[in-house]
Amino acid sequence: MIWFFDLDNTLHDASHRVFPAINANMNAFISGVLRDAGLPDDSAAVDAARVGYLRRYGATLLGMVRHHQVRPADFLHAAHLFDDLPGMLRTEPGLRALLTALPGRKVLLTNAPQRYARDVVRHFRLQRQFFQHIAIESMHVHGRLQPKPSRALLRKLLARQGVPAHRCILVEDTLANLKSAKALGMRTVWMTGYLGASRATAGRTPHPAGGAGTAPPPASVAAKTTKRPAYVDVKVKSIRQLFDSLPSLLGK
Ligand SMILES: [Mg+2]
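So for the sequence shown, the numbering used here puts the first residue at 821; every next one is plus one.
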């Protein structure tokens, strides 16, 4: 069995401090790009660009690349500048031991950039828990950047692992990514522990920079009360809780 683990809001609570900081960084960067192009750069224009590109292309980054000739590396670097990343990170107790105890090979699969992913993994001392890191820089298919939920990307990753899709499990907070995985025959785990009831984007909170946003959900939707969609095999509130579902998840 091969496990693909998302990073943000799956292995740690990114909504707590990290995502707000990334959003602020992205706004500053987008504003600068618009200003340099002689376009309006007020907060309304910045919001329109950030949200508009997220909806249209599935990632703000892709819109900035396409319409403003931004280099992905520059955008990702600017979005992930933190004064004190370790101080912003928190996760569930015993995460390292839990990952170690899960049977099978684990791969980190994140729409975040490599350096940030590495820093987070190191902070939680999970370096040895992951066989491989796949970050957004290595999500090119046919020469184009195609982050999650790209089915072409997942298909390529499955082929590279050399195992059939049904022997692979994706653990994720973002529903669009799980939907793609299930369409290819993978098993799916929806991690909702960091999608609080007050967070209106439950299940649709992609990594802000490279993420895979779908249409905005109704404000009343919350992960804790949302029914498990048909393409989700198992819904858990923590990695610890995943162990309760292992027999059914692995037995399928
Ligand atoms: Mg996530």
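Positions of the beta carbon are idealized from the N, C-alpha and C atoms, including for glycine.
Which whole-angstrom value is the C-beta distance of G924 and M821, which I expect to be below 8 Å? 4 Å
Taking only runs of the beta strand (DSSP E) that begin and end inside the stretch 945 to 978, which ones reach a length of at least 3 residues, in chain order? 952 to 954
Suppose contacts are defined by Cβ-Cβ distances below 8 Å. Is K926 in contact with F950 by that definition? yes
What residue range is occupied by the uninterrupted alpha helix (DSSP H) comprising R876? S863 to Y877
Cβ of G878 within 8 Å of any chain B Cβ: Looking at the structure shown, chain B is missing, and only one protein chain is on hand.
Distance between V838 and D903 (C-alpha atoms, nearest Å): 11 Å
According to DSSP, is L922 helix, strand or coil? coil
Assuming the contact rule is C-beta atoms closer than 8 Å, Q966 and H960 should be a hit. Round their C-beta distance to whole Å, please. 7 Å
Is N845 near ligand 1, with its Cβ less than 7 Å from a heavy atom? no
As a quick exercise: from H832, L929 and L990, pick the residue whose alpha carbon is nearest that of G1005. L990
Do S1000 and L974 have their CB atoms nearer than 8 Å? yes
T911 burial status per 10 Å Cβ neighbour count (16 or more: buried): buried
CA nearest to the CA of L929, picked from G872, T1046, L1062 and T830: T830
Using a Cβ-Cβ cut-off of 6 Å (strictly less than) and excluding sequence neighbours within five positions of Q981, which residues of its own chain qualify? I822
Beta strand (DSSP E) containing V853: first to last residue? Per DSSP, V853 belongs to no beta strand (DSSP E); it is in the alpha helix (DSSP H), V838 to D856.
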